[in-house]
DNA sequence: TCCATTGTGGCCCATACGGTCCAGAACTTG
DNA sequence: CAAGTTCTGGACCGTATGGGCCACAATGGA
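See below:
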């Protein structure tokens, strides 16, 4: 109530943060992404964030909490981008195309080699950290939902064979993308990966929207 | 030459090993499989192997060498099983079916949750350990080759639509299996995973045998 | 101007890590 | 039985880990 707020501010205001929280979280995300969870030390995180231990622990808690925070932010951002694409895309089917071909956009293969923070983390930690597995389930389910909506829109736009089930196809697209992510992480030739992605897409959407 | 052998055996024969090398390697493989590379300590390995430090280091070298040895053995064994299936299978297409549906064979979902040692290791270590990425490329390429042979046999057995390219389809089957492995590791409902695997298979082999 | 509060960064610690080394045991050969 | 060679398990080491702690700085309200 009101007097509580009064009490909270009875004394002086705290010293404000000197660092940009978002910038720090992105730097830490990149470090976890490049090295994996276990192979990243707190020293690494202090270095890339430029903070001292007190600040980092005070702001985000221990390594595990920090990692989960970063992972959730990453998932949320990815989902947001996907949903926005569905809103802004000219055709629903383009969303699915972009989704499956995403990794092959970078001709150097660096993006493919890096893979997906969620996929990497799930493979490394799902067995020992139930929170990570749960986060992966949540995220993949949400992605399938958005892809289903995209395919339903594609159907209403006449870009999809009516015999194709949007929900089932959305899940197949997710499976394909996860497989391509796994293959891309091996560092295989990006040209070969691109061919496989296009082939997978042709199988998923037998009526190409051109 | 001959006198070298004489020299080697001039003195007494060494004390023989007290442990079963294969049993030890399997126990260590399981530990790496369950926990991942970084999260497995040498103490863990000593415990599950039942050996002392001197024995383990003497027999296999350091942790990294031991891991690579175990990973290669795992891959070789998997490839051997796949090749033997192709030889013994009634129909070539059955090999591909088994390959894609493999994870869903265990109704408890434990197999799916555990995933594949190679896929897990590649996701965790590909960026920092080129040997692991190279091993994954080698293994996936070999798998694709066997699956291609299986599909060529299926074609000659009339179980495959002639318009389907064996090599391309084999790679698509690999992509699908890797995607299913990634999803299975999230711990998602095994029933839903099974549906997705069957759906993926139906897309891969539009002329179902049986 | 002083005070209460929180940010800040580095010092410090216990521990667990991977790896080396060694003293003794086990075994075959001469 | 003696010698030579390897196996065995544990003691030991240096290091780096994740994390706690604290003295000081900075801030805005009273």
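Residue numbers (the working numbering), protein chains in the order written: chain A, 9 to 218; chain B, 9 to 218.
Backbone N, C-alpha and C define an ideal beta-carbon position, used for all residues, glycine too.
Query: What residue from A/140, A/103, A/69, A/76 has the CA that sits closest to residue 190 of chain B's CA?; Result: A/140
Query: Would you say residue 71 of chain B lies against chain A (beta-carbon separation less than 8 Å)?; Result: no
Query: Is there a Cβ of chain A sitting closer than 8 Å to that of residue 37 of chain B, yes or no?; Result: no
Query: Please list the partners that residue 193 of chain B has in chain A, where partner means a Cβ-to-Cβ separation under 7 Å.; Result: 130, 131, 134
Query: What would DSSP say about residue 50 of chain B, mapped onto helix, strand or coil?; Result: helix
Query: Which bits of chain B does residue 188 of chain A rub up against, with CB to CB less than 9 Å?; Result: 183, 186, 187
Query: Measuring CB to CB, does residue 193 of chain A end up less than 8 Å from residue 120 of chain B?; Result: no
Query: Would you mind reading off the limits of the alpha helix (DSSP H) that contains residue 138 of chain B?; Result: 138 to 164
Query: Taking 6 Å as the limit between beta carbons, can you name the residues of its chain near residue 41 of chain A, skipping five residues before and five after?; Result: 125
Query: Can you name the residues of chain B whose CB is closer than 8 Å to the CB of residue 179 of chain A?; Result: 204, 207
Query: At a Cβ cut of 8 Å, what residues of the segment 109 to 125 of chain B count as close to chain A, listed as they run along the chain?; Result: 121, 122, 123
Query: Should residue 89 of chain A and residue 37 of chain A be called a contact, given that it needs their Cβ atoms to be closer than 8 Å?; Result: no
Query: Which residue from A/167, A/160, A/197 puts its Cα closest to that of residue 176 of chain A?; Result: A/160
Query: Give me the Cα-Cα distance between residue 63 of chain B and residue 116 of chain B, rounded to the nearest whole angstrom.; Result: 37 Å
Query: Does the pairing of the segment 98 to 115 of chain A with the segment 181 to 190 of chain A give three or more beta-carbon distances under 8 Å?; Result: yes
Query: Check whether the Cβ atoms of residue 213 of chain A and residue 101 of chain A lie closer than 8 Å to each other.; Result: yes
Query: At what residues does the alpha helix (DSSP H) containing residue 29 of chain A begin and finish?; Result: 29 to 43
Query: Could you check if residue 158 of chain B is buried or exposed, using at least 16 other CB atoms within 10 Å of its CB as the buried criterion?; Result: buried
Query: May I ask you to report which of helix, strand or coil DSSP gives residue 174 of chain A?; Result: helix
Query: Taking the alpha-carbon positions, what's the residue 75 of chain A to residue 27 of chain A distance?; Result: 19 Å
Query: Which chain A residues are close to residue 61 of chain B, counting only those with a beta carbon under 8 Å from its beta carbon?; Result: Within 8 Å Cβ-Cβ: nothing; residue 61 of chain B doesn't reach chain A, min ~22 Å.
Query: Residues of chain A with CB under 8 Å from residue 211 of chain B, in chain order?; Result: 180, 211, 212
Query: The alpha helix (DSSP H) that contains residue 83 of chain A, what's its start and end?; Result: 71 to 96
Query: Taking 7 Å as the limit between beta carbons, can you name the residues of its chain near residue 9 of chain B, skipping five residues before and five after?; Result: Below a pLDDT of 50, predicted positions are generally treated as unreliable, and residue 9 of chain B, at 35, falls in that range; no measurement from the model is reported.
Query: Let me know the secondary structure DSSP gives residue 194 of chain B once reduced to three states.; Result: coil
Query: In chain A, which residues lie with their C-beta within 7 Å of the C-beta of residue 196 of chain B?; Result: 145
Query: Keeping to the same chain, check which residues put their C-beta closer than 7 Å to that of residue 123 of chain B; ignore five residues upstream and five downstream.; Result: 189, 192, 193
Query: Residue 99 of chain A by DSSP, collapsed to three states: which one?; Result: coil
Query: Which residues in chain B sit within 7 Å of residue 47 of chain A, going by Cβ to Cβ distance?; Result: 46, 136
Query: Please confirm if residue 42 of chain A has its CB atom under 8 Å from at least one CB of chain B.; Result: yes
Query: Give me the subset of the segment 146 to 167 of chain B whose CB atoms are less than 7 Å from a CB atom of chain A, sorted by chain position.; Result: 148
Query: Measure the Cβ-Cβ separation of residue 174 of chain A and residue 153 of chain A and say whether it is below 8 Å.; Result: no
Query: My output table needs one value for residue 113 of chain A: the three-state DSSP class, helix, strand or coil.; Result: helix
Query: Which residues in the same chain as residue 200 of chain B place their Cβ atom closer than 8 Å to its Cβ, once the five residues preceding and following it in sequence are excluded?; Result: none
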